[in-house]
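Peer 1:
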Amino acid sequence: MSAILEVKELTKNFGKFQAVAGVTLTVERKELTSLIGPNGAGKTTFYNMLSGKFPPTSGRIIFEGRDITGLPSHKIARIGIGRSFQITNIFSQMTVMQNILSALIAHHKKGTSFFSPYWKDAGLVAEAEKILDSLGLLSFAHVPTTQLSYGDKRLVEIGIVLANYPRLILLDEPTAGMTPEETERMIALIHRLAEETDTTFFLTEHDMKVVFSVSQKIYVLHQGRLLAEGTPEEIRENTQVQEAYLGGSVSA
Amino acid sequence: MNGSARKKALLAFAALVLLGVLPFVVGTYSIMLITEIMIMGIFALSFNLLFGYTGLLSFGHAAFFGVSGYVTAFLLIHDFPSLLLALLLGTLAAALAAIVVGYFSVRLDEIYFAILTLGFGMMFYTLVHQWRSVTGGSDGLTGLVLPSLGIGKLSIDVSSPKSFYFIVAVFFIITILVLLRIVRSSFGLILMSIRENKERAAFTGINIRAYRLASFVISGFFAGVAGGLFAVFDRMASPSMLHWTASAEPVLMTVLGGAHVFFGPVIGAILFFFIEHVITKFTDIWMIFLGAILIPLVIFFPDGVLGTLMTRRKKMREARREGEE
Numbered sequence: 017m018s019a020i021l022e023v024k025e026l027t028k029n030f031g032k033f034q035a036v037a038g039v040t041l042t043v044e045r046k047e048l049t050s051l052i053g054p055n056g057a058g059k060t061t062f063y064n065m066l067s068g069k070f071p072p073t074s075g076r077i078i079f080e081g082r083d084i085t086g087l088p089s090h091k092i093a094r095i096g097i098g099r100s101f102q103i104t105n106i107f108s109q110m111t112v113m114q115n116i117l118s119a120l121i122a123h124h125k126k127g128t129s130f131f132s133p134y135w136k137d138a139g140l141v142a143e144a145e146k147i148l149d150s151l152g153l154l155s156f157a158h159v160p161t162t163q164l165s166y167g168d169k170r171l172v173e174i175g176i177v178l179a180n181y182p183r184l185i186l187l188d189e190p191t192a193g194m195t196p197e198e199t200e201r202m203i204a205l206i207h208r209l210a211e212e213t214d215t216t217f218f219l220t221e222h223d224m225k226v227v228f229s230v231s232q233k234i235y236v237l238h239q240g241r242l243l244a245e246g247t248p249e250e251i252r253e254n255t256q257v258q259e260a261y262l263g264g265s266v267s268a
Numbered sequence: 160m161n162g163s164a165r166k167k168a169l170l171a172f173a174a175l176v177l178l179g180v181l182p183f184v185v186g187t188y189s190i191m192l193i194t195e196i197m198i199m200g201i202f203a204l205s206f207n208l209l210f211g212y213t214g215l216l217s218f219g220h221a222a223f224f225g226v227s228g229y230v231t232a233f234l235l236i237h238d239f240p241s242l243l244l245a246l247l248l249g250t251l252a253a254a255l256a257a258i259v260v261g262y263f264s265v266r267l268d269e270i271y272f273a274i275l276t277l278g279f280g281m282m283f284y285t286l287v288h289q290w291r292s293v294t295g296g297s298d299g300l301t302g303l304v305l306p307s308l309g310i311g312k313l314s315i316d317v318s319s320p321k322s323f324y325f326i327v328a329v330f331f332i333i334t335i336l337v338l339l340r341i342v343r344s345s346f347g348l349i350l351m352s353i354r355e356n357k358e359r360a361a362f363t364g365i366n367i368r369a370y371r372l373a374s375f376v377i378s379g380f381f382a383g384v385a386g387g388l389f390a391v392f393d394r395m396a397s398p399s400m401l402h403w404t405a406s407a408e409p410v411l412m413t414v415l416g417g418a419h420v421f422f423g424p425v426i427g428a429i430l431f432f433f434i435e436h437v438i439t440k441f442t443d444i445w446m447i448f449l450g451a452i453l454i455p456l457v458i459f460f461p462d463g464v465l466g467t468l469m470t471r472r473k474k475m476r477e478a479r480r481e482g483e484e
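Taken in sequence, the protein lines are chains A and B.
Count along the first sequence from 1, then add 16; that gives the number in the working numbering.
Count along the second sequence from 1, then add 159; that gives the number in the working numbering.
#1: In the DSSP assignment, the alpha helix (DSSP H) including Gly186(B) goes from what residue to what residue?
#2: Can you tell me which of Thr161(A), Phe131(A), Thr128(A), Ala119(A) puts its alpha carbon nearest to the alpha carbon of Val141(A)?
#3: Along the chain, where does the beta strand (DSSP E) that runs through Val342(B) open and close?
#4: With 9 angstroms as the threshold, decide whether the Cβ of Glu173(A) is near any Cβ in chain B.
#5: Using the beta-carbon count (16 or more within 10 Å), is Leu356(B) buried or exposed?
#6: Return helix, strand or coil for Ser267(A), following the three-state DSSP convention.
#7: Give me the Cα-Cα distance between Asn366(B) and Leu350(B), rounded to the nearest whole angstrom.
#8: Among Met224(A), Val112(A), Tyr181(A), Val257(A), which residue has its Cα nearest to the Cα of Phe217(A)?
#9: Straight-line CA distance for Val420(B) to Thr334(B)?
#10: Express the C-alpha separation of Ser155(A) and Ala268(A) in angstroms, rounding to a whole number.
#11: Hey, does Gln114(A) have any beta-carbon neighbour from chain B nearer than 9 angstroms?
#12: Going along chain B in order, which residues have a C-beta closer than 7 angstroms to the C-beta of Arg94(A)?
#13: Along chain A, in chain order, which residues have C-beta atoms closer than 8 angstroms to that of Thr344(B)?
#14: Compare the beta carbon distance of Val265(B) and Arg371(B) with 9 angstroms and say whether it is the shorter of the two.
#15: Quick check on the DSSP output: what are the complete alpha helix (DSSP H) runs of length 4 or more inside the segment 91-143 of chain A, in order along the chain?
#16: State the Cα-Cα distance for the pair Ala361(B) and Tyr134(A), rounded to the nearest angstrom.
#17: In this structure, how does DSSP classify Phe223(B) when only helix, strand and coil are distinguished?
#18: Pull up the DSSP beta-bridge partners for Met395(B), would you.
#19: At a CB-CB cut-off below 7 angstroms, which residues of chain B make contact with Asn105(A)?
#20: Taking Met475(B) as the query, report the chain A residues whose CB atoms sit under 7 angstroms from its CB, ordered along the chain.
#21: Hey, how far is the Cα of Glu269(B) from the Cα of Ser217(B)?
#22: Identify, in the order they occur along the chain, each residue of the same chain with its Cβ nearer than 8 angstroms to the Cβ of Leu277(B), setting aside the five sequence neighbours on each side.
#23: Run down chain B in chain order and give the residues with a C-beta less than 7 angstroms from the C-beta of Ala119(A).
#24: Got a sec: is the Cβ-Cβ distance from Gly450(B) to anything in chain A below 9 angstroms?
#25: I'd like to know whether the C-beta atoms of Pro72(A) and Met65(A) end up nearer to each other than 9 angstroms.
#26: Please check if any C-beta of chain B sits within less than 9 angstroms of the C-beta of His123(A).
#27: Classify Lys282(B) as buried or exposed, calling it buried when 16 or more other Cβ atoms lie within 10 Å of its own Cβ.
#28: Would Ser229(A) be called buried (16 or more neighbouring beta carbons within 10 Å of its own) or exposed?
#29: Give me the chain A residues within the contact set of Arg340(B), using Cβ-Cβ distance strictly less than 9 angstroms, ordered along the chain.
#30: So what does DSSP say about Thr231(B), is it helix, strand or coil?
#31: Judging by CA-CA distance, which residue of Leu313(B), Phe433(B), Pro398(B), Phe422(B) is the nearest neighbour of Ala222(B)?
#32: Give every residue of the same chain whose Cβ lies closer than 8 angstroms to the Cβ of Tyr262(B), excluding the five residues on either side of it in the sequence, and list them in chain order.
#33: Could you confirm whether any beta carbon from chain C is found closer than 9 angstroms to the beta carbon of Ile176(A)?
#34: Which chain A residues are close to Leu348(B), counting only those with a beta carbon under 7 angstroms from its beta carbon?
#35: Is the segment 233-251 of chain B touching the segment 181-197 of chain B in the sense that three or more CB pairs, one from each, lie closer than 8 angstroms?
#36: Interface residues of chain A around Tyr262(B) at Cβ under 8 angstroms?
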């Protein structure tokens with residue numbers, strides 16, 4: 017196994033507040049890894065640095081052996097890291113198909129085609145249909161995303177991410193706000209994509225049931241610091257982790 | 160061809176016939192009015208590439224309209240031999256100005272973008288107002304000499320309202336065709352994605368600034384087409400072309416017609432001139448009445464007149480289809 021992502025001493029200060037304090041961790045290729053921690057532990061800040069939303073105060077981010085620290089998000093996306101957001105982040109006043117096509121156009125660098133109608137690019141449309149089909153969204157292809165259910169909107173976002181064919185996907189709380197049925201569907205989807213594609217998944221999650229059912233490796237973040245790391249079993253038994261979660265048990 | 164495509168083709172054909180026939184059935188005054196509507200239609204369409212499709216509200220678009228107008232006028236008062244070349248140079252000057260203004264402006268969003276473009280607009284206004292030796296100061300540049308337009312063996316006298324009408328109509332149609340093609344292209348879809356969600360767009364690998372700048376320059380280019388034609392139409396270039404109130408006109412027209420439908424700005428331009436034309440028959444303070452008309456229009460047609468009508472028709476059709484099922 018080789019590392020796809022190495023994070024070294026990553027730190028982010030907002031004024032005097034240290035949101036992430038010297039976190040070092042590794043994500044192995046094809047090992048489904050999770051980053052967990054109580055609210056405000058710094059998970060999203062950590063993700064925002066990985067995906068280039070803002071640069072870290074200090075530390076290094078190495079992706080596939082290449083230093084990507086401080087690169088802007090569009091460059092990181094092109095290098096091969098995709099992400100979803102805690103709050104659904106899609107192109108709302110567009111159809112499901114247009115959402116996926118937009119990402120495909122970006123991926124294939126066809127955005128400078130000023131005069132060719134995108135829907136006449138048969139190869140592109142077929143590719144988008146394939147992605148939608150794998151997500152069970154094909155019948156909604158020409159529906160504006162505003163008319164979709166919450167769970168389907170989240171799937172559209174996954175579709176946008178997949179259309180970039182990233183080798184590493186960061187999922188920020190993929191099941192947040194979902195009904196139990198939608199959560200089941202999302203878990204099944206993550207499992208399937210992890211198996212069928214070469215993509216490595218690295219996710220944050222609130223729902224411990226989801227974390228323990230999908231993860232092979234778990235990192236625990238607490239007050240910006242790495243508190244623990246290990247297999248789901250090891251994390252479940254870790255007393256420090258149990259205390260961090262308000263002294264409660266994490267065996268939920 | 161399906162029903163809706165056939166209907167669209169028919170509508171386009173009818174519009175073309177109308178444009179071709181109108182100057183032979185209406186008087187000179189109306190010919191000039193329609194000419195001005197088409198010029199302002201080009202201006203509003205150019206503005207809407209940025210506003211409706213890219214999600215950037217430019218409040219300084221008159222700068223590009225004016226720069227092109229001044230360059231075109233400057234060339235034509237100095238006995239420049241070709242009208243088309245003068246228009247082209249004016250338009251290129253506008254595009255150049257758009258590269259500079261856009262470079263600084265597209266990194267900002269929303270109100271900050273609007274204010275920055277407004278600021279640049281004021282700078283250009285002050286420049287033409289003060290640089291008397293070149294721009295004629297507050298008098299502007301007057302006394303344009305219009306060379307006849309030679310295409311092959313054909314020589315067209317541009318100074319006749321009817322022939323100028325047709326020249327403008329050709330530019331109007333070309334602008335529509337090119338912009339339609341652009342907004343429906345892959346590039347256009349990326350612009351829409353940026354409008355809808357620039358963060359998501361950036362995380363799919365899109366360089367937001369580069370695309371916004373491209374949109375800004377194309378938009379400035381077509382604003383330049385309109386500005387050059389306007390200077391020829393008016394036989395002069397005056398500082399009022401660059402005043403911030405001139406920047407508000409395409410904004411008003413677009414909001415009036417609808418920013419999210421391609422032809423919204425054109426319908427807006429027609430409405431704008433119609434309202435102005437009808438009211439000025441009764442009073443000079445037409446702006447007050449324009450305001451009084453705009454308020455209910457914005458309330459009852461939130462997506463613009465054309466935009467709201469099209470949404471309603473779509474909803475009615477959907478309701479009917481559901482009723483049939």
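Beta carbons are placed, not taken as given, at the ideal position from N, Cα and C, and that holds for glycine.
Peer 2: Working from what's here:
#1: Run containing Gly186(B): none; DSSP gives neither H nor E here.
#2: That would be Ala119(A), whose Cα lies nearest to the Cα of Val141(A).
#3: It is not in any beta strand (DSSP E) - Val342(B) instead sits in the alpha helix (DSSP H) that spans 320-342.
#4: yes
#5: The identity of residue 356(B) in the sequence shown is Asn, whereas the question assumes Leu. Burial call: buried.
#6: At Ser267(A), the pLDDT of 49 sits below 50, so the modelled position is not reliable and the matter cannot be decided from this model.
#7: 11 angstroms
#8: Tyr181(A)
#9: 16 angstroms
#10: With a pLDDT of 43 at Ala268(A), under the threshold of 50, the modelled position of that residue is not reliable, and no figure is offered here.
#11: yes
#12: Gly364
#13: Per the sequence presented here, residue 344(B) reads as Ser, with Thr not at that position. Ordered by position in chain A, the residues that pass the 8 angstroms Cβ test against Ser344(B) are Ser129, Phe130, Phe131, Ser132, Pro133, Tyr134.
#14: yes
#15: 112-123
#16: In this model, Ala361(B) and Tyr134(A) are separated by some 19 angstroms (Cα to Cα).
#17: helix
#18: Thr301(B)
#19: Asn356, Glu358, Arg359
#20: Here the premise fails: no neighbours, minimum Cβ distance about 17 angstroms.
#21: 9 angstroms
#22: Phe218, Gly219, Trp403, Ser406
#23: Thr363
#24: no
#25: yes
#26: At least one CB atom of chain B sits nearer than 9 angstroms to the CB of His123(A).
#27: According to the sequence displayed, residue 282(B) carries Met and not Lys. Label assigned to Met282(B): exposed.
#28: exposed
#29: Phe130, Phe131, Ser132, Pro133
#30: helix
#31: Ala222(B) has its Cα closest to that of Pro398(B), out of Leu313(B), Phe433(B), Pro398(B), Phe422(B).
#32: Leu372
#33: In summary, chain C is missing from the structure at hand, where the protein chains are A and B.
#34: Gln114, Leu117, Ser118, Ile121, Tyr134
#35: no
#36: Within chain A, no residue comes near Tyr262(B); the closest Cβ sits about 17 angstroms away, beyond 8 angstroms.
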